[in-house]
Every structure is written in C-alpha cells, then in structure tokens.
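Residue numbers (our numbering): 227 to 328.
Here is the structure:
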C-alpha cells in the first residue's frame, strides 16, 4: 500500500512536577500512514473539538496508533478492540462531516 511518509520526533521537556527534563535523547522514527496527517489535523481543527495543541496531539496519536493496528489487525492484541475502534472512527467521521459541510 502506498503511504505518506513522516519523520516523528518526541522530546521530553519537563516532568510532571514542571522540572526540566534530564533526558538528553529524543525519540525519533520514520513511519508511514495511508492518510495525509496534515489534512486530518486541518479537518479536526475545523470541527473545533479541542484547542489547537490538543487537536494536533489527538490527530497524530490517533493516526499513528490506527495505522499500526490496521497493519497488524490479525494480532491478538487488537482482536477485541478493533470492532469498537471501527465504530469510534465512524462516529468521529460523522461528527467531523457534520461540523465541516462540503
């Protein structure tokens, strides 16, 4: 399957107490996705579910997770969750469509 290609970087800035992180390394990886994540972010921004930062976090997390699950749908880890996730995505798309009339 053809995919959009992404480079993801995660850097720990502060701990839960607000202290500057002592981690010097970053998590960096390359990944693909069947969807254009930037387009998804824009659609979700228009739906106005969350503030800007939360929308970006939600969209990226959702798309990274869902791609792994789709590529490994026969893995026992996803056996019980996949049907519920499918329903969640249908509901999300309906809400986005309702809030973003074409």
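Beta carbons: idealized from backbone N, C-alpha and C, even for Gly.
Output needed for residue i: all residues of its chain with C-beta closer than 6 Å, excluding positions within five of it in sequence on either side, in chain order.
i	result
residue 255	234
residue 236	253
residue 231	258
residue 304	295
Looking only at DSSP bridge pairs, what is residue i linked to?
i	result
residue 232	257
residue 337	In the structure as shown, the chain begins at 227 and stops at 328. Residue 337 is therefore absent and cannot be evaluated.
What does a CB cutoff of less than 7 Å around residue i pick up in its chain, not counting 5 residues either side in sequence?
i	result
residue 322	269, 270 and 273
residue 319	none
Among residues of its own chain, excluding the 5 on either side of residue i, which ones have a beta-carbon nearer than 8 Å to its beta-carbon?
i	result
residue 282	267
Do you know offhand how far residue i's Cα is from residue j's?
i	j	result
residue 317	residue 324	11 Å
residue 294	residue 287	11 Å
residue 276	residue 307	25 Å
residue 314	residue 302	20 Å
residue 298	residue 241	32 Å
residue 265	residue 249	32 Å
residue 247	residue 238	6 Å
residue 300	residue 292	13 Å
The alpha helix (DSSP H) that contains residue i, what's its start and end?
i	result
residue 272	263 to 273
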